[in-house]
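Below: one structure, written as structure tokens.
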Amino acid sequence: MEMQYVIDTLFSLFAMTLIIFMVPGFAMLEAGLVRTKNVTAVLTVNVMIYAIASMAFLLIGYTYAFGGWDHQDSISKWAFFMFQMAFVGKTINIMSGGVSERSRIMPLTLFTLVMAACIYPTIVNMIWGANMFKDTFLDISSMYDLAGSTVIHSTGGWALLAAILIMGPRRGRYKNNQIHVIPASNIPLVTLGALLLWIGWFGFNGGSVGAISSKENADAVALTIMNTNTAGLAGAIVAWVMMYIEYKKFDITMILNGALGGLVAITAGPDLYPIYTPILIGGIGGALVVFAVPFFDRLKLDDPVGALSVHLVNGIWGTLAVGIFTEKSLLAQAKGILVVGLFVFVVSYISIYVINKLVRLRADDEEQLVGLDDSQCGMEAYPEFKRSI
Amino acid sequence: MEMQYVIDTLFSLFAMTLIIFMVPGFAMLEAGLVRTKNVTAVLTVNVMIYAIASMAFLLIGYTYAFGGWDHQDSISKWAFFMFQMAFVGKTINIMSGGVSERSRIMPLTLFTLVMAACIYPTIVNMIWGANMFKDTFLDISSMYDLAGSTVIHSTGGWALLAAILIMGPRRGRYKNNQIHVIPASNIPLVTLGALLLWIGWFGFNGGSVGAISSKENADAVALTIMNTNTAGLAGAIVAWVMMYIEYKKFDITMILNGALGGLVAITAGPDLYPIYTPILIGGIGGALVVFAVPFFDRLKLDDPVGALSVHLVNGIWGTLAVGIFTEKSLLAQAKGILVVGLFVFVVSYISIYVINKLVRLRADDEEQLVGLDDSQCGMEAYPEFKRSI
Amino acid sequence: MEMQYVIDTLFSLFAMTLIIFMVPGFAMLEAGLVRTKNVTAVLTVNVMIYAIASMAFLLIGYTYAFGGWDHQDSISKWAFFMFQMAFVGKTINIMSGGVSERSRIMPLTLFTLVMAACIYPTIVNMIWGANMFKDTFLDISSMYDLAGSTVIHSTGGWALLAAILIMGPRRGRYKNNQIHVIPASNIPLVTLGALLLWIGWFGFNGGSVGAISSKENADAVALTIMNTNTAGLAGAIVAWVMMYIEYKKFDITMILNGALGGLVAITAGPDLYPIYTPILIGGIGGALVVFAVPFFDRLKLDDPVGALSVHLVNGIWGTLAVGIFTEKSLLAQAKGILVVGLFVFVVSYISIYVINKLVRLRADDEEQLVGLDDSQCGMEAYPEFKRSI
């Protein structure tokens, strides 16, 4: 027993560390996708989200989600906390990424507090934690979501949708009813960031199995990591082929977003599938990204990093996939999606609406024109490089 | 027994994860070494190699190499697969890096398929796996190659040599019988990439010991990682000193390539040497890189990242070193080098030749002039920075 | 017993690997903080420090510090060496970072030798190792410094202070009695580097617990990592709030240095505190950085990366904090700080003074004007980007 405690604690610390690599992962991905004049602001937001969300979760969110520090005793409670804490910021990274290039920083930090102390812990409470709605019609604890297709990814996605509806698109993005393409400013950073996220996902999903200290658990962890990776591969390949057929070019940002889409899609049930099923689930995930990106653009939902397509769409798809490809109840999955979606969207909308009244969320046209680095941070990301744009 | 299974599975997952850091490692290294106009193409190739090679290994190569999924039962079979899968792309990264700045992407993806589904699994089958040539004169399973000086590094190197012979040098590289130096475009990326590769090597070599769950194995793993690191240190130091004596300048790309050369050289037998021997083996590895880079240039074998010098030359040296510094048979090592070299070179040459007939491999002068980012990807790596070149 | 040996060896290899991520961590942080014309030089120094310091520690420093290879037998001696080796370069990174943009490389490599073979091993010997001054008035082994607030961070800081006093500020930094602000050239690299350091800290502090193979140890390791992280969060948040109140802008370099200050401050006793105390210790750490940076500038101690503020000031603060917030003797902590400070500062000052006489340490004004990349390395970091400065 003591050896199991030790090994599972070590395992969860290992998994947690991989997830923390997603902090530079998201930061580099988003810093690469936005324009040079907004890079420092994006990086600042990413670092502050990690700091504030983690602190709020330590002080408030964690005990709310799990009902206290002593609800489990199979691993060190400190390791359990660290593993759970590593998740929180991700929901807000998803949201903040999607409103890049037009959001002021202070209101984002306020929403970070709300998300980390209230919205996200509520969802965790309902699905992974203390289950406060037990035996009510809001009880969704029978849904299966191993590592958070719904709990993390669509939660972040719904909050982002609320934010986009309130904020509107970036200045000039849909001028004269046309979609003005704004290219990513630094492709190596985009690639580095996406690959760090990919690696972090091994810890995210593998660690969510919760234990490795029996033969059965060791197999489950290894299968989870393998299936996670396979879904990422399939998402990348499908996005590549689809883009190549349409444009005869290799679009690396779409390939990477396709991979991320596949990774989100597998996240609800990576431990449940036989080894070839993730090719289908991740492949569909990649295809959904390719379809969803222009779809949201047609709706004028401006999302500079494709977060709605990657996280919201595939969070939903991945959660449903568990109901389709395993014996879990599709109905329970759908109900979970619905309840979470409704709750997160409504509470996020209200929170962001109120925050926006208190502290203006949207950078005005002038601020966007000079860039958020100047207006928010007083600091350029690359001050010595002459810019052509 | 169950605890050993658990611990060795955890260990192999840890080692595998370190190897996956080599994906951003190679990507950043190569993106930093090429010119700005080819950076997106290089990154795209790196991501696609990981996706396609891993998928092809899952679907075809793995069972070909090892004769099925159930050939071992000391760790989770899914963890064993993931560890082996993490290797595959490396052989092609070596090859694709060396033909950077002049190769179109589609034929590279086709060769990736051939390498991951056929060439590399054949080599693994012969040396680490099912050994299909057992008891024939092609049996080279008595050679010692712990983590792939031959299986990975010279395999990639021979494929690269075949590709260079077919493709020729970059436009303008050897114009008027002079060597035109083309400087690396982004030294921080080069450094980041090389250091990530270095870290990945701990997983590559350490994990190749295969188990950590006895005192003996734990010592072997720790010694392997220590010797691996020492060889890298020595390679860096020797390359630094040699370059400084000759040029009175500190050449970081050569220092890093010297380190990588040392790391390749130790890879055949890092578990076999006492702790000071790697200084010699890695140091010679670094020296070989310093000599080999201009040597290949004199032969007009154009290799923008020095992959022939790092991987082919040191793959051979490292494999021989096992025969020189330990009691293993030098003859068996030499025979292994020869058989692998012949097989990989010939099959790669034929494959690339045929692929080149089907889909032109070489970017023409016009495409090279504007850069592969434009012609292949329709996307610049750093679109906002004004270029002086 | 054998299982404990195995698990603790695996754990220490895991922790060591995280620390090695601090090599790219420091390299990226410093490369991002200096001007473009000095980036290659900074990167070269970082790589060479790792190579030379580690090699010198292998050949000389390690046995000096610990009295031989067989002083412990609870984990593989090779793993123990690797874990200790991972520390050495850090002390010199701290020093070299603080004299960036004005120091020639060769004398830095000489000081690296002195530090890794003599100064640092002496400190380790006194506090963590063979304790050569046992029962003399120099015995400071009763101080508590789990992972090196004093042994690593203020050691590096004192050496840096000596170097700055000998070298003087960068050309033009305090011209006409004004402080000329020199902005960081690449904020994404700064962010990436700081976050990699943060992750490395989990290994640094967690691994310093020394074992994870009992329930008690597993809890201690997990608590250590949790407290480490919390101090980093608090440092970032406090630095953010203070800077925002003063300047109404978000200053990411100060936020990151605040986080690093918090991490340094917790490092002496992360295993000793209950979970909310690190908020105070790290928060004060962040505040100290915000105060110390302009303080050192007023003293004309020019430190381009803020290393004195982060590592020296917080190394002292963190060591004292153990005496304030736990039952450990504040006197013993203060005596340790004093003895180490005196020894390191004096020996470093003499060493750097002598080295400077043999090989000029300071790049002259001309060399600083064109940049160290050109004068020391003959290689630009980003040769293709047009510069506005």
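Residue numbers (this note's numbering), protein chains in the order written: chain A, 315 to 703; chain B, 315 to 703; chain C, 315 to 703. We put the beta carbon where it would ideally sit given N, CA and C, even for glycine.
{"Check": "What does the alpha-carbon distance come out to for the pair Thr331 of chain A and Lys649 of chain C?", "Outcome": "35 Å"}
{"Check": "Sorted by chain position, which residues of the same chain lie with C-beta nearer than 7 Å to Asp322 of chain B's C-beta, five sequence neighbours on each side aside?", "Outcome": "Ser388, Ile389, Ala525, Ile526, Ser527"}
{"Check": "With a cut-off of 8 Å, do at least 3 Cβ pairs link the stretch 605-615 of chain B to the stretch 451-460 of chain B?", "Outcome": "no"}
{"Check": "Taking 8 Å as the cut-off, decide whether the C-beta atoms of Gly599 of chain C and Asn628 of chain C are in contact.", "Outcome": "yes"}
{"Check": "Pro592 of chain C and Thr544 of chain C: beta carbons closer than 8 Å?", "Outcome": "yes"}
{"Check": "How long is the line joining the alpha carbons of Leu675 of chain B and Ala477 of chain B, rounded to whole angstroms?", "Outcome": "9 Å"}
{"Check": "Can you confirm whether the stretch 647-665 of chain A touches the stretch 643-663 of chain C when touching is taken to mean that 3 or more C-beta pairs between the two stretches lie within less than 8 Å?", "Outcome": "no"}
{"Check": "Who are the Cβ neighbours of Leu683 of chain B in its own chain at under 8 Å, not counting the five residues just before and after it?", "Outcome": "Arg485"}
{"Check": "Jot down the residue ranges of each uninterrupted alpha helix (DSSP H) in the stretch 613-688 of chain B, minimum 4 residues, whole runs only, in chain order.", "Outcome": "628-639, 644-672, 679-684"}
{"Check": "Going by the C-beta, is Leu683 of chain B closer than 7 Å to any heavy atom of the ligand FAD?", "Outcome": "As presented, the structure is devoid of all ligands, the ligand FAD included, so that no description of it is given."}
{"Check": "Here's a check: name, in chain order, each residue in its chain whose Cβ is nearer than 7 Å to the Cβ of Val359 of chain C, leaving out the five neighbours to either side.", "Outcome": "Ser410, Ile419, Leu422"}
{"Check": "Would you say Asn571 of chain B reaches chain C, if we count a Cβ-Cβ gap shorter than 8 Å as a contact?", "Outcome": "no"}
{"Check": "Helix, strand or coil: which one does DSSP assign to Ser417 of chain B?", "Outcome": "strand"}
{"Check": "So, is the C-beta of Ser368 of chain B closer than 8 Å to a C-beta in chain A?", "Outcome": "yes"}
{"Check": "Below 9 Å between beta carbons is the criterion; list the residues of the stretch 461-480 of chain C that meet it against any residue of chain A, in chain order.", "Outcome": "none"}
{"Check": "May I have the straight-line CA-CA distance separating His625 of chain C from Ile437 of chain C, to the nearest angstrom?", "Outcome": "16 Å"}
{"Check": "From the beta carbon of Phe699 of chain B, is the nearest beta carbon of chain A less than 8 Å away?", "Outcome": "yes"}
{"Check": "Thinking Gly470 of chain A and Ile539 of chain A are a contact (beta carbons under 8 Å), I'd like their distance in whole angstroms, please.", "Outcome": "That pair is no contact at about 22 Å."}
{"Check": "If distances are taken between C-alpha atoms only, which option among C:Glu415, C:Ile595, C:Asp678 comes closest to Leu347 of chain C?", "Outcome": "C:Glu415"}
{"Check": "Quick one: is Val320 of chain A near chain D, going by C-beta distance under 8 Å?", "Outcome": "The chain inventory of the structure shown lacks chain D, comprising the protein chains A, B and C."}
{"Check": "What is the DSSP secondary structure of Phe397 of chain C, reduced to helix, strand or coil?", "Outcome": "helix"}
{"Check": "Anything in chain C within Cβ reach of Leu547 of chain B, meaning under 7 Å, just list it in chain order.", "Outcome": "Ala365, Ser368, Met369"}
{"Check": "Can the beta-carbon of Ala370 of chain C be found less than 8 Å from the beta-carbon of Leu357 of chain C?", "Outcome": "no"}
{"Check": "Is the stretch 501-513 of chain C touching the stretch 555-570 of chain C, taking contact as three or more C-beta pairs under 8 Å?", "Outcome": "yes"}
{"Check": "Please classify Phe328 of chain C: does DSSP put it in a helix, a strand, or coil?", "Outcome": "helix"}
{"Check": "Using DSSP with H/G/I as helix, E/B as strand and the rest coil, what is Phe380 of chain B?", "Outcome": "helix"}
{"Check": "Is Asp687 of chain B closer than 8 Å to Ala272 of chain B when the C-beta atoms are compared?", "Outcome": "The structure shown does not extend to residue 272 of chain B, since chain B spans only 315 to 703, so no value can be given for it."}
{"Check": "If you drop the 5 nearest sequence neighbours on each side, which residues of the same chain put their C-beta closer than 7 Å to that of Thr542 of chain A?", "Outcome": "Trp515, Phe516, Asn519, Leu577, Ile580, Pro584"}
{"Check": "Would you mind sorting Gly596 of chain B into buried or exposed? The rule is 16 or more other CB atoms within 10 Å of its CB.", "Outcome": "buried"}
{"Check": "Is there a Cβ of chain C sitting closer than 8 Å to that of Val294 of chain A, yes or no?", "Outcome": "Lying outside 315 to 703, the shown extent of chain A, residue 294 of chain A is not represented and no answer is given."}
{"Check": "Between Asn500 of chain C and chain A, is any beta-carbon pair separated by less than 8 Å?", "Outcome": "yes"}
{"Check": "What did DSSP end up calling Phe699 of chain A once you bin it into helix, strand or coil?", "Outcome": "strand"}
{"Check": "Could you give the DSSP three-state label for Pro588 of chain A: helix, strand or coil?", "Outcome": "coil"}
{"Check": "Residues of chain A with CB closer than 8 Å to the CB of Leu503 of chain B, please, in chain order.", "Outcome": "Pro502"}
{"Check": "Closest to Thr377 of chain C by CA distance: which of C:Met315, C:Met446, C:Ser499, C:Val337 is it?", "Outcome": "C:Met446"}
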